[in-house]
Amino acid sequence: MASNSSTVRGVFAAGNDQYHGVMSVKEHGALAHANRYARILLREGKVATEEEALSIANFEVQRLRWHAEGFQGNRMARYELRQESEQEPSSVRPRLATS
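If you use our numbering, the sequence shown closes out at 107, no skipped numbers anywhere.
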């Protein structure tokens, strides 16, 4: 499991990147942002093919729009899973490896 400092760093980076994504779509449009984002994914070696880059960039623009609208799907999933795990006996819950 990640340390608290790496979790905080990840949350800050995610929020910062989210802000810049929303602003880029607002300033330059979804198509220009998705195209540039796809090129960055390829350049940085995050994807293997142009098709994969385009698919991820398309979804990223949709995700930016959802977040700009206030949708918090990850938060909802975490809370629902937390509720489910509280209802299970502790011997059934999966354990994360800690290193």
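Heads up, the beta-carbon is just placed ideally off N, CA and C, and yes, glycines get one too.
Straight-line CA distance for residue i to residue j?
{"i": "Glu-96", "j": "Gly-18", "result": "30 Å"}
{"i": "Gly-56", "j": "Met-84", "result": "The sequence given here has Ala at residue 56, not Gly. So the two alpha carbons sit approximately 31 Å from each other."}
{"i": "Glu-52", "j": "Lys-34", "result": "24 Å"}
{"i": "Gly-37", "j": "Ala-21", "result": "23 Å"}
{"i": "Val-16", "j": "Leu-49", "result": "24 Å"}
{"i": "Phe-79", "j": "Val-69", "result": "14 Å"}
{"i": "Arg-86", "j": "Glu-94", "result": "12 Å"}
{"i": "Asn-24", "j": "Glu-92", "result": "31 Å"}
{"i": "Gln-26", "j": "Asn-82", "result": "14 Å"}
{"i": "Glu-77", "j": "Lys-54", "result": "27 Å"}
{"i": "Asn-12", "j": "Glu-88", "result": "22 Å"}
Using only CA atoms, which one of the options lies nearest to residue i?
{"i": "Ala-42", "options": "Arg-86, Asn-66, Glu-88", "result": "Asn-66"}
{"i": "Ser-63", "options": "Glu-77, Gly-23, Arg-44", "result": "Arg-44"}
Assuming residue i contacts residue j under a Cβ cut-off of 8 Å, what Cβ separation, rounded to an integer in Å, is found between them?
{"i": "Ala-40", "j": "Ala-61", "result": "Not confirmed; about 15 Å, so no contact."}
Closest Cβ-Cβ distance between residue i and chain B: below 9 Å?
{"i": "Thr-57", "result": "Of the protein chains in the structure, only one exists, and it is not chain B."}
At least three beta-carbon pairs within less than 8 Å, the segment 65-80 to the segment 23-38: yes
Sequence ranges, alpha helix (DSSP H) only - wholly within the segment 38-70, length at least 4: 38-51
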